[in-house]
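Here's the structure we're looking at; comments come further down.
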Amino acid sequence: MEALCRSLESLKKGRVASSVKRRMAEFEARRAQSEDEVFSELCFCLLTANYSAEGAIRIQDAIGGGFTSLPEPALAAELRRLGYRFPNTRARYIVEARKRRRKLKGMLASAGDEKVLRAWLAENILGLGYKEASHFLRNIGCRDLAIIDFHIIGLLARHKIIKKPKNKSLPRKKYLEIEHALETVASRSGLCQGELDLYLWYMETGKVLK
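So the sequence shown is numbered by my numbering: it starts at 108 and just counts up by one.
Here it is in structure tokens:
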């Protein structure tokens, strides 16, 4: 853990720090956006499961308001045209998620406990696991949830902070165990989980994406 914390301290003093601060400010501002814009971000996070963030950003930009308006067959066709790997499944998830759109906006406005919000999302939005729910909440301004994907798992395993899980899919208990380890790293580095994720993602990919 010491080596990782030293690397983070170095990054905090470098040019990437301004990119992280700017991205976190964008996330904070997004929470005040319209219901449709917040829903679009939820759809983006649904698309990222087993798919690249850059690819999902491209598709989100291309579909725009279609996330809220396109019938399921048309949405699936558009996802397929744009080269998405799972067009039918994700179109079904997005159409199902529309039923929770207003409830979602109300829960976010209540500014409740972030982990309670995440649990509600994972239980009520088809296709949204703990990783995707954490990703969505971070992208609309929540600060203290870990986004644990294979990049982060690999980095933590190399630093001997965790043992690499055998299964790619993390059960809730294992997810929370790894999140606890990340909380320790964040605390020792003077970062919130949202900031830590951006720095770790940069360490693995050289990019500061949403």
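Glycine included, C-beta positions come from ideal geometry on N, C-alpha and C.
query, result
"Once DSSP output is grouped into helix, strand and coil, what is the label at residue 193?", "coil"
"Buried or exposed for residue 317, going by 16 or more other Cβ atoms inside 10 Å?", "buried"
"Can you tell me whether residue 313 is buried or exposed, with buried defined as 16 or more other CB within 10 angstroms of its CB?", "exposed"
"Rounded to whole angstroms, what is the Cα-Cα separation between residue 179 and residue 137?", "26 Å"
"Can you list, in chain order, the residues of its chain whose CB lies under 7 Å from that of residue 163, leaving out five sequence neighbours each side?", "151, 154 and 155"
"Since I believe residue 204 is in contact with residue 149 (beta carbons under 8 Å), could you give me their beta-carbon distance rounded to a whole number of angstroms?", "6 Å"
"Given a threshold of 16 other Cβ atoms within 10 Å of its Cβ, counted over all protein chains shown, does residue 189 qualify as buried or as exposed?", "exposed"
"Give me the residue from 279, 275 and 239 with the minimum Cα distance to residue 160.", "239"
"Going by C-alpha distance, which of 265, 237 and 266 is nearest residue 358?", "The structure shown does not extend to residue 358, since the chain is modelled only from 108 to 317, so the question has no answer here."
"Going by beta-carbon coordinates alone, are residue 145 and residue 212 separated by less than 8 Å?", "yes"
"Is the separation between the beta-carbon of residue 285 and that of residue 269 shorter than 8 Å?", "yes"
"Is residue 291 a contact residue of the ligand ATP, with contact defined as CB to any heavy atom under 7 Å?", "Among the components of this structure there are no ligands whatsoever, and the ligand ATP is therefore not found."
"Are the CB atoms of residue 266 and residue 108 nearer to each other than 8 Å?", "yes"
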